[in-house]
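Protein chains in written order, with our numbering: chain A, -1 to 58; chain B, 33 to 528. Idealized CB from N, CA, C, for every residue including glycine.
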Amino acid sequence: MPSDQDDKSLLGGDLSVINVGLDKFASELAEHNVSVVHLDWKPPAGGGAELATLLSKMGT
Amino acid sequence: MEVTLNIVFQGFYKDSVALMRLSRDLAALDGVNEAGLMMGSPSNKQILKDAGLLADEGAAAEGGDLILAIRANDSAAAQKAAETIEPQIKSQTRSADGDTEWRPQTIRAAAKANPGANLALISVPGEFAAAEARKAISRGLNVMMFSDNVSIEDEISLKIQAREEGVLMMGPDCGTAILDGVPLAFANQVKRGDIGIVGASGTGIQEVTSLISNNGRGVSHAIGVGGRDLKDEIGGVSTLMGIDRLDADTATKHIILISKPPGEKVLPRIMDRIAQSAKPFTVCFIGATDLELPTNATAARTLKDAAQAALGGGEFEQSESVGTSLPESRKGIRGLYSGGTLAAESQLILLDAGLPVASNAAVPGAVGLSENNEAHQIIDLGDDQYTQGRPHPMIDPEIRHEPLADAMADSTIGVILIDIVIGYGAHPDPAGQLVTMLDDLRGENGPAIIASVTGTELDPQVRSSQIKALEAADIHVAESNADAALAALRLLGVNS
């Protein structure tokens, strides 16, 4: 496991991915033995992109 | 009487690959004339409207709603088709490891469950992508954003936020990256080595990394930054951070930059950053002229030049000349490309040989498609005008069918140039698909077809197998995309 937040450089450590969207990308990473968590993503805030943006800016 | 039926699934997401597959199944059902399954963003609703598939229910949908749209012979057929496909739409999406165990629904929950995570790979619809990226960055995650249709204002704010947090923001519209040998999204399985790349072009990175790997060297990392990063509005934030990363990376000995020419204000900042490095750079700003580079950098005109320079100079293995001759009347070249930067590279090669070039994605020196009917046409089939509501030609090469049929039927065309791009994310057998397409289109004494295969032996499609299938169908395969364009010139008797 990488040493989390202090390794923001990304390179030269173990890649560990949160996949948000295409299922295929998660499967392909798993094939490469990369640790991957595939989100069960749904459009936030009942479907409105503007509210989703607002919520993300509030850190939700 | 023909009817249009829309059913809206509120707050329902299914990824675009799954939707594409289900749309096809739906369109093949009895009595269905046209069908679509799309998230309800304004651009998708427009596509459905243009296709005569949008009813009032669909028109009222929001971006996070899924629209099932059917045009059928009668309402009974439409209803039956909807009932047939609905269970498949609602079926549980398979998780990455094949089971249906609990999966987190938010980046916050995922980061808590996996505190070692260091990258968020985001490919949700563009209007939601920035919100997800913002959450990822604020949790100290690097981001690779595959999604496009993200506003330039969002891109600027995300990149500034990422710089403040000290994380990389790759994208939006970042199709390709290779980190520590792991291909992400549309990328190739290349050999590991000491050449690092920062690129604003997905297929540009794919071509250069594949050429490096196929010619005896390897790649440390390839960092994609998204096509707009070097525009003045964005300021090259991610390119500069990518250079910082590769400069500090002990595994990287040589750095290649690939992009369209940068904005006027950005260019000096990039040059200053290169000059601060002790490492050698190769700079391939496709279409740029008269670049003044620091002493540790050399300019490359084409992707092939960039790969060669990083490999230490010298020619790659030369392709044999195309063993055919053309009648005098067939003087035209038509390029049908899935890769935008591959199309740009071919335009440069034709322009450098003194030929007039027209393109829907014209490089400096070329003109728009409608501006010169006499010019050789190089078409980027990945351009928005071809992909609205359809998958990219690298995923579904079927887009090539119509322009290929046009070119085959044109008695003035001597050579058709085609790029076959393989690797992760791409179609499982693009060569086979092309060969099948040509079976229906080929007649006697048609144009010569010259292709190249971007990819490696380690890719799922296996480069040599793709080449073999093309050659068996009498398609000449060049060693690189640039070599394919050069082979076309030789066949037409033009000095390059």
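Exercise for review: Use the C-beta contact count for residue 185(B): other C-beta atoms within 10 angstroms, 16 or more gives buried, fewer gives exposed.
Suggested key: exposed
Check your understanding: Near residue 42(B), which residues of its chain fall below 7 Å by C-beta distance, leaving aside the five closest residues on each side in sequence?
Key -> 97
Point to revise | Assigned secondary structure, residue 126(B) (DSSP; H/G/I helix, E/B strand, else coil) | key: With a pLDDT of 46 at residue 126(B), under the threshold of 50, the modelled position of this residue cannot be trusted, and the question is left open.
**Study point:** Straight-line Cα distance separating residue 506(B) from residue 237(B)
**Key:** 28 Å
**Study point:** Host beta strand (DSSP E) of residue 66(B) (start-end)
**Key:** 64 to 71
Check your understanding: Who are the near neighbours of residue 373(B) in its chain, counting only those whose CB is closer than 8 Å to its CB and skipping five residues on each side?
Key -> 233, 234, 235, 236, 239, 290, 318, 335, listed in sequence order.
**Study point:** For residue 433(B), three-class secondary structure by DSSP
**Key:** helix
Review point. Just checking my contact of residue 70(B) with residue 51(B) at CB under 8 Å: how many whole Å lie between their CB atoms?
Key: 7 Å
Review point. Can at least three beta-carbon pairs, one atom from the region 241 to 254 of chain B and one from the region 211 to 224 of chain B, be found at a separation below 8 Å?
Key: By the Cβ rule, the region 241 to 254 of chain B counts as touching the region 211 to 224 of chain B, because three or more pairs are nearer than 8 Å.
Point to revise | Cβ-based burial, residue 425(B) [other Cβ within 10 Å; buried from 16] | key: Residue 425(B) comes out buried.
Point to revise | Min CB distance residue 47(B) to chain A below 8 Å | key: Flagged as an interface residue toward chain A: residue 47(B), by a C-beta distance shorter than 8 Å.
Check your understanding: When you compare each of 62(B), 158(B), 312(B) to residue 341(B) by their alpha carbons, which one comes out closest?
Key -> 312(B)
Review point. Looking at C-beta atoms only, is the number of pairs between the region 49 to 66 of chain B and the region 104 to 111 of chain B that lie closer than 8 Å three or more?
Key: Flag = yes, the region 49 to 66 of chain B and the region 104 to 111 of chain B touch.
Practice item. Mind listing the chain A neighbours of residue 173(B)? Cutoff is C-beta to C-beta under 8 Å, in chain order. Key: Simply 16.
Review point. Among all the DSSP beta bridges, which residues are the ones paired with residue 485(B)?
Key: 452(B)
Exercise for review: Let me know if residue 377(B) comes out buried or exposed under the rule of 16 or more other beta-carbons within 10 Å of its beta-carbon.
Suggested key: buried
Review point. Taking DSSP as the reference, what is the three-state secondary structure of residue 390(B)?
Key: strand
Review point. Which stretch, first to last residue, makes up the alpha helix (DSSP H) that contains residue 337(B)?
Key: In the DSSP assignment, residue 337(B) falls within the alpha helix (DSSP H) that extends over 335 to 342.
Practice item. Starting from residue 442(B), find everything on chain A with Cβ-Cβ shorter than 7 Å and list it in chain order. Key: The premise fails here: residue 442(B) is roughly 37 Å from chain A at the closest Cβ pair, so nothing lies under 7 Å.
Review point. So is residue 135(B) in contact with chain A if we call contact Cβ pairs under 8 Å?
Key: yes
Practice item. Check whether the Cβ atoms of residue 468(B) and residue 242(B) lie closer than 8 Å to each other. Key: no
Exercise for review: Just the C-alpha distance for residue 280(B) and residue 177(B), rounded to the nearest angstrom, thanks.
Suggested key: 23 Å
Point to revise | Contact set for residue 400(B): own chain, Cβ-Cβ below 8 Å, skip 5 residues either direction | key: The residues are 390, 391, 392, 394.
Check your understanding: With DSSP run on the structure shown, which of helix, strand or coil describes residue 216(B)?
Key -> strand
Review point. So which residues on chain A does residue 200(B) lean against when the C-beta distance must stay under 7 Å?
Key: 8
Review point. Can you tell me whether residue 264(B) is buried or exposed, with buried defined as 16 or more other CB within 10 angstroms of its CB?
Key: exposed
Check your understanding: Got a sec, what are the start and stop residues for the alpha helix (DSSP H) residue 381(B) sits in?
Key -> Where residue 381(B) is concerned, the enclosing alpha helix (DSSP H) stretches over 372 to 384.
Point to revise | Ranges of the beta strand (DSSP E) found wholly within the region 272 to 308 of chain B, counting only runs of at least 3 | key: Listed in chain order, they are 286 to 291.
Point to revise | Same chain, Cβ closer than 6 Å to residue 295(B), five either side skipped, listed in chain order | key: 263, 264
Point to revise | Exposure label - residue 220(B); buried when at least 16 CB within 10 Å | key: buried
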